[in-house]
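J.:
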Amino acid sequence: MKIAIGSDHAAFSLKKILKEHIREKGLGEVVDMGTDTDSTPSDYPDIAFRVGEAVAAGTADRGVLLCGTGVGMSIAANKIPGAYAAHCHDVETAKLSRRHNNSNILTMGARIIGAPLAEKILDAWLAASFEGGRHAIRTGKIEACENKICPACRPSKHGRTVIFDHPLVQHKVSIIRDKNTPVKTFRELVQEIAGLMVYESTRNLPLVKVKVETPLTETEAYALEGKKLAIVPVLRAGLGMVDGILQIVPNAKVGHIGLYRDPETLNPVEYYCKLPGDISERDIFILDPMLATGGSASAAISLVKEKGGKKISLVSIIAAPEGVARVHEDHPDVDIFTAALDSHLDKNGYIVPGLGDAGDRLFGTK
Ligand code: RB5
């Protein structure tokens, strides 16, 4: 395990002790991110951001941040999306911050506790593991909030949940939620929402410089690099999103996946799968308007991976926390884009408040 450690001048000596402790006990590989001295004062945010960014980007597995109280370090580190700093001065809180909150940074105050207790806290924190389950639903909500504030900020070593809070998208979602919205309007709005969502979900597509001759002069511009997009609707409701996306990205290839639920095992079973031959070279967007339990979304992602797909995102319109947690657990590399994160699933697996069955509402089959 790679542990990024940092302190300001006030905790410089504690940092030295803890580094030695980690080495002696073989707890991990230490990367010291400063400060290098206690003879000149340093500003804790500078160190906290360095460690926070390393942990959020995955170049370090965990971070330890020390200052006089530990408070400044925790406030500063928690400004970095993907950094989850727990300020702990007792062993129990440190353990629970791993088990329940999946904290990836520990902050402590050298002017508050002595080195022996700091070592015990560190040992307990490093040894404890995240329990997932209901806790993953809660931490998922924190990640969703980060992505709402700044969808593109978080380095995506592990999958993000990005919620589209654009007013136009939200307005259209409010209309499709309404049970009195007729099929024709519902269908048009699903296409419009899918089209609008493409902007954000394609934000990180790689670009290359190209030379262009304008009527006035030659200039450099940017074009999409290499093979581009594949969109893969999950039958049948995913079909409702295809045309809206193709209006914006007309050259995208379209694959199709059909899954049904085995009545005995309740597991999703493939009945149709046709993907572009060069799927491994494309950025893939799997489309399913409703991310409910996550069972079929997760199976669809597995299927695309089996066929060679590498860069996969899931695009839904309404998601339930249960589905988000399931997909992130099964496929930690996959980003989820959604227009709304709803409250929960009812006993029949419907998203609440949701919009009912998207397939029935799209095709008028109810
Ligand atoms: C430095 O004097 C002190 O303010 C700092 O180490 C830390 O306690 C801030 O939270």
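Residue numbering for the sequence shown follows our numbering, beginning at 265 and increasing consecutively.
Here a beta-carbon is modelled for each residue, glycine too, at the ideal position from N, C-alpha and C.
1) State whether the segment 316-324 contacts the segment 373-387, with contact taken as three or more CB pairs (one from each stretch) at a distance under 8 Å.
2) Terminal residues of the continuous beta strand (DSSP E) containing M372?
3) Between G336 and the ligand RB5, is the CB less than 7 Å from at least one heavy atom?
4) I'd like the list of long-range same chain contacts for K538, defined as Cβ closer than 7 Å, with 5 residues on each side in sequence excluded.
5) Name the one or two DSSP bridge partners that R326 has.
6) Can you tell me the Cα-Cα spacing of L605 and A501, whole angstroms?
7) Could you give the distance in angstroms between the alpha-carbon of K475 and the alpha-carbon of G298?
8) The ligand RB5 heavy atoms versus the CB of D621: any closer than 7 Å?
9) Say yes only if the C-beta of C331 is nearer than 7 Å to one or more non-hydrogen atoms of the ligand RB5, and no if none qualify.
10) Ends of the beta strand (DSSP E) at P431?
11) Just to check, is the beta-carbon of D310 closer than 7 Å to a non-hydrogen atom of the ligand RB5?
12) In whole angstroms, what separates the C-alpha of L530 from that of A563?
13) Over the uninterrupted alpha helix (DSSP H) stretch that includes Y463, give me the two end residues.
14) Quick check on N612: buried or exposed, where buried means 16 or more other Cβ atoms within 10 Å of its Cβ?
15) Extract the residue ranges of the beta strand (DSSP E) inside the segment 546-580, only unbroken runs of 3 or more that lie entirely within it.
16) Thinking C-beta only, is T304 closer than 8 Å to M337?
17) Could you tell me the alpha carbon to alpha carbon distance between A275 and L330, rounded to whole angstroms?
18) Should G316 be counted as a contact of the ligand RB5 given a C-beta to heavy atom distance under 7 Å?
19) Which residues mark the beginning and the end of the beta strand (DSSP E) in which E293 is found?
20) Sorted by chain position, which residues of the same chain lie with C-beta nearer than 7 Å to G587's C-beta, five sequence neighbours on each side aside?
21) At 3 residues or longer, and completely inside the segment 465-530: list those beta strand (DSSP E) runs for me, N to C.
22) Please return the same chain residues whose Cβ sits closer than 7 Å to the Cβ of L626, not counting the five positions on each side in sequence.
23) Look up V426 in the DSSP assignment and give the residues it is bridged to.
24) Is the beta carbon of A673 within less than 7 Å of some heavy atom of the ligand RB5?
25) Alpha carbon to alpha carbon, how far is Y486 from S465?
26) Quick one: grab the DSSP three-state call for H353.
27) Can you find a heavy atom of the ligand RB5 that lies under 7 Å from the Cβ of G373?
28) Measuring only the C-alpha atoms, how far is I376 from T357?
29) So Y308 is in the alpha helix (DSSP H); what residue range does that whole segment cover?
30) State yes or no: is the C-beta of V294 within less than 8 Å of the C-beta of I286?
31) Would G327 and D597 be called neighbours here (beta carbons separated by less than 8 Å)?
T.: In this structure, then:
1) No contact exists between the segment 316-324 and the segment 373-387.
2) Taken as a continuous stretch (DSSP letters only), the beta strand (DSSP E) holding M372 covers I369 to G373.
3) For the ligand RB5, at least one heavy atom lies less than 7 Å from the Cβ of G336.
4) So the list reads G519 and H520, once near-sequence residues are dropped.
5) DSSP output for R326 lists I267 as bridge partner(s).
6) The C-alpha of A501 is placed about 18 Å away from the C-alpha of L605.
7) Near 44 Å, if we compare the C-alpha coordinates of G298 and K475.
8) Checking the Cβ of D621 against the ligand RB5 gives no.
9) Under cutoff, so the answer is yes.
10) Run containing P431: none in the beta strand (DSSP E); it sits in the alpha helix (DSSP H), P431 to R441.
11) No, the beta carbon of D310 sits no closer than 7 Å to any heavy atom of the ligand RB5.
12) Rounded to the nearest angstrom, the two C-alpha atoms are 12 Å apart.
13) Per DSSP, Y463 is one residue of the alpha helix (DSSP H) stretching across V447 to S465.
14) Of the residues assessed, N612 falls on the exposed side of the cut-off, its CB having fewer than 16 other CB atoms within 10 angstroms.
15) 547-551 and 575-579, all fully within the segment 546-580.
16) The Cβ atoms of M337 and T304 do not sit closer than 8 Å to each other.
17) Taking the straight line from one Cα to the other gives about 6 Å.
18) Residue side-chain check: G316 keeps its Cβ at 7 Å or more from all non-hydrogen atoms of the ligand RB5.
19) For E293, the enclosing beta strand (DSSP E) covers residues E293 to D296.
20) These residues qualify, in order along the chain: L555, A556, T557, G558 and A561.
21) Whole beta strand (DSSP E) segments, 3+ residues: 471-477, 482-488, 493-499 and 520-525.
22) The beta carbon of L626 sits closer than 7 Å to the beta carbons of F450, R451, V454, A501 and G504 from its chain, once the five residues preceding and following it are set aside; these are given in chain order.
23) Per DSSP, the beta-bridge partners of V426 are F601.
24) In this structure the chain extends from 265 to 630, so residue 673 is not present and cannot be described.
25) Inter-residue distance for Y486 and S465 is about 18 Å (C-alpha atoms, whole angstroms).
26) Coil.
27) It does: the Cβ of G373 is within 7 Å (strictly closer) of some heavy atom of the ligand RB5.
28) Taking the straight line from one Cα to the other gives about 16 Å.
29) Its alpha helix (DSSP H) spans residues Y308 to A321.
30) Yes; because the gap between Cβ atoms is below 8 Å, this pair is in contact.
31) Note that the C-beta distance between G327 and D597 is not below 8 Å.
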